[in-house]
Each structure stands twice: as C-alpha cells, then as structure tokens.
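Taking it in order: structure first as structure tokens, then the write-up.
Protein chains: 2
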Amino acid sequence: MAHGTTLHPTLSIGQVAERTGVATSALRYWEELGLITSDRTTGNQRRYDRATIRRVSFIRAAQRVGLSLDEIATALARLPQSRTPTAGDWARLSRSWRRRLDEQIHSIERLRDQLDSCIGCGCLSLRTCALSNPDDTLAARGPGPVLLEP
Amino acid sequence: MAHGTTLHPTLSIGQVAERTGVATSALRYWEELGLITSDRTTGNQRRYDRATIRRVSFIRAAQRVGLSLDEIATALARLPQSRTPTAGDWARLSRSWRRRLDEQIHSIERLRDQLDSCIGCGCLSLRTCALSNPDDTLAARGPGPVLLEP
DNA sequence: GTCAGGCTTCAGGTGGAGTTCAAGTTGTGA
DNA sequence: TCACAACTTGAACTCCACCTGAAGCCTGAC
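For the record, the sequence lines run as chains A and B. Residue numbers for the first sequence follow full-length UniProt numbering, so the first one is 1 and each next one is one higher. Residue numbers for the second sequence follow full-length UniProt numbering, so the first one is 1 and each next one is one higher.
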C-alpha cells in the first residue's frame with residue numbers, strides 16, 4: 001500500500017540467526033515445533049518477518065526463565081498467529097505467565113536470602129545450622145519438601 | 001558422647017526421597033556425581049545424615065534457578081564436606097552465586113515487565129508493536145541480540 | 001554464465017538429567 | 001523364622017533441545 005520499505009521485509013534464516021544470536025539449527029527446530037513460522041521463496045528458502053526477531057528473543061527469554069519449549073509454544077499459540085488479537089486472550093495468558101514469573105522470582109530470592117543468612121550467622125548451615133534451623137525441628141515436621149521448597 | 005538420640009540418625013534413601021520429594025533414582029544419580037554422600041550399612045544399603053535433607057533441598061532450589069548439577073557440585077565441593085568450614089570460602093562462593101541470582105531475578109523481571117507493558121498498550125507487541133518498538137528502530141541497530149537480551 | 005556461499009532436507013549424534021529394568025540382597029514386623 | 005517391602009547394581013532406555021554432516025539446490029555479485 002504505502003511506498004518505501006516493504007511491509008514484510010523478509011529475512012533469511014541466517015539473518016535472523018545473526019540478529020538474535022540463535023543458531024539456524026535451533027530456528028529450524030523451533031519452526032518444526034510451531035514456535036515460529038516462515039514463508040518460503042519460490043526456491044523453498046525460508047523468509048521470516050521482522051517481527052520474528054522479537055518473537056525469537058521472547059522465546060529465549062522465556063526459556064531462561066525455565067519454561068519448556070512446549071509451554072512456550074502453548075502460550076504463543078494463543079497469540080495473534082493470524083488475525084484477531086483478542087486482547088482478552090492476551091491478558092489471560094499474560095496473567096498466568098506473570099504468576100509463574102513472580103513465583104520464580106520468589107524462589108530465587110528465597111535461595112539468595114538463605115545464602116545471606118548463612119553468611120550472616122557464619123554457621124555454614126548446609127551441614128547443620130542449629131541456629132537457623134535445628135535438625136530436630138525439621139524432623140518433627142514429618143515428610144515432604146522442606147525449607148527451600150515453596 | 002552425650003546420651004539421648006544418636007548424633008547421626010541415619011535415613012534410608014527412601015526416607016530421604018519421601019522427605020525431599022526427590023526420586024531415589026535421582027538421589028543415586030546425584031551421589032554418583034558427588035553432590036551428596038552416604039554411609040553404608042553392613043548390608044551395603046545407603047544411610048544418609050539428616051543434614052542431607054537440607055543439602056538435597058538446596059540442590060533442587062539451585063536447579064530451579066537454572067544451575068546445572070555440575071555447577072552445583074563445584075559449589076558444594078567447596079563446602080565443609082569434611083572439616084574446616086573456612087567462612088571465607090563460603091562467603092566467596094556465596095557472593096558469586098548471589099550475583100548470578102540477582103542477574104536471574106533481573107532477567108525475569110524484564111520479561112515480566114515486557115508482558116505488562118504489552119498489556120498496557122494493548123498492542124500485542126509480539127507481532128508488531130510500533131509504539132514500544134518500531135521495527136525500523138530495531139533494524140537500524142544492526143545485528144546482535146535485541147531487546148530482551150541483557 | 002559461473003561460482004562462492006547460503007540455504008534445503010534428512011539422518012544420526014550429543015549431553016544433561018534422569019528413569020526403568022532385571023536379578024539379586026537386606027531389613028523388619030508378625 | 002519367614003514373608004515381603006525396601007534396597008542394591010549396572011546397563012539400557014528416555015526425553016529434551018539442540019548440533020553436525022552429507023548431498024544437493026538457490027541466489028547474488030561479478
């Protein structure tokens with residue numbers, strides 16, 4: 001419609017790899033799993049939308065947070081692959097991820113604070129820190145995850 | 001020396017599994033890797049120190065934060081396996097983990113904020129959020145990781 | 001037109017983190 | 001004392017997330 005640069009300036013897989021830092025093999029793999037999509041040239045080469053770069057970066061970020069490709073795929077599948085954005089869907093997805101992210105943050109903070117407190121008391125509690133948590137107190141609480149678990 | 005309960009009330013692998021939520025197969029695997037240790041009964045069955053429960057929980061927590069068993073093993077190897085605590089060693093280890101944990105937290109917060117901002121602007125930026133980040137702005141910055149990367 | 005270099009598919013390999021299996025041994029409550 | 005659950009080992013197997021290599025096709029600069 002408008003003049004100037006094309007609306008879908010297609011990128012080769014190599015260009016996407018270079019710009020995102022994700023290997024081409026990984027991009028093909030992700031495409032196979034349905035996390036990203038591509039058009040093909042008449043010669044069967046992949047051409048990606050510029051928006052794919054954001055998507056790819058997003059996937060990487062989500063991965064680093066501990067989400068599996070499956071989970072990410074499920075989440076992304078609800079997003080505007082084709083047409084209607086459905087801001088409601090987006091908000092719902094976003095909320096559920098947010099919960100997960102918050103949990104993750106708390107989990108890490110807990111671990112960090114544990115470390116801090118151990119430095120603080122100088123007792124190297126990993127073995128037996130009677131001050132912060134005597135063994136017997138733990139034992140009395142019966143089976144199940146202990147301490148660092150949520 | 002003292003009377004009363006033994007100082008090292010040994011737990012079977014099944015008990016440790018039950019109390020930590022970690023499968024026995026995983027516990028054996030971790031032991032093989034040197035992350036935990038055990039005594040043996042005359043009949044060759046493993047017996048764990050109660051402190052192992054804390055150690056196991058710690059390992060799980062560290063794993064959830066994205067550390068590999070190798071990294072965890074390296075870290076734990078510096079801890080009082082046998083004798084002198086060396087509070088200095090502990091502090092050093094702890095500091096390096098702390099840095100890592102802080103980075104992790106920031107990484108997650110970044111992802112979370114991205115989600116929030118996308119809800120905020122209602123533009124579903126994963127495709128093309130012109131408001132928060134027009135494609136051209138990104139394209140002009142040349143190759144390399146974009147946006148969500150640190 | 002030609003040719004390097006980027007792209008294609010497909011098969012097979014890798015590494016991390018376990019799980020499962022089989023066959024045999026130990027521990028314990030009745 | 002005996003049954004039976006829990007334990008032992010080693011090897012093989014699984015799953016995930018890719019990576020590597022081979023053999024051949026596309027594309028763009030000269």
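Cβ atoms here follow ideal geometry from the backbone N, Cα and C, with glycine treated the same way.
Through-space distance from residue j to residue i, alpha-carbon basis
i        : j        : result
ARG98/A  : ASP39/B  : 44 Å
LEU115/B : VAL16/B  : 39 Å
GLU103/A : THR42/A  : 47 Å
ARG110/A : HIS106/B : 15 Å
LEU76/A  : THR37/B  : 43 Å
ALA62/B  : THR24/A  : 31 Å
ALA91/B  : TYR48/A  : 48 Å
ASP70/B  : ASP70/A  : 25 Å
ARG31/B  : ASN44/B  : Checking the sequence, you will find Glu at residue 31/B rather than Arg. For GLU31/B and ASN44/B, the distance between alpha carbons rounds to 15 Å.
SER96/A  : SER94/B  : 32 Å
TYR29/A  : TYR29/B  : 30 Å
Reduced DSSP category for residue i - H, G, I as helix; E, B as strand; rest coil
i        : result
LEU101/B : helix
ARG112/B : helix
ASP49/B  : coil
LEU11/B  : strand
VAL16/A  : helix
Whether residue i touches residue j by CB criterion (8 Å)
i       : j        : result
ARG55/A : ILE13/A  : no
LEU35/A : ARG112/B : no
ARG60/B : LEU11/B  : no
ALA73/A : LEU33/A  : yes
THR20/A : SER68/A  : no
VAL65/A : ILE108/B : yes
Distance cut-off 7 Å: residue i Cβ against heavy atoms of the ligand COA
i        : result
ARG100/A : The model on display carries no ligand, and the ligand COA is accordingly not part of it.
Given residue i as reference, the closest of the options once Cα atoms are compared
i       : options                                : result
THR52/A : ARG64/A, SER107/A, ASN44/A and GLU18/A : GLU18/A
Against chain A: residues of the stretch 54 to 72 of chain B by CB proximity under 8 Å: If the cut-off is 8 Å between Cβ atoms, the stretch 54 to 72 of chain B has ARG54, ARG55, SER57, PHE58, ARG60, ALA61, ALA62, ARG64, VAL65 and GLY66 near chain A.
Where the stretch 98 to 119 of chain A meets chain B: residues whose CB sits under 9 Å from a CB there: Cβ contacts with chain B come from ARG98, LEU101, ASP102, GLN104, ILE105, SER107, ILE108, GLU109, ARG110, LEU111, ARG112, GLN114, LEU115, ASP116, CYS118 and ILE119.
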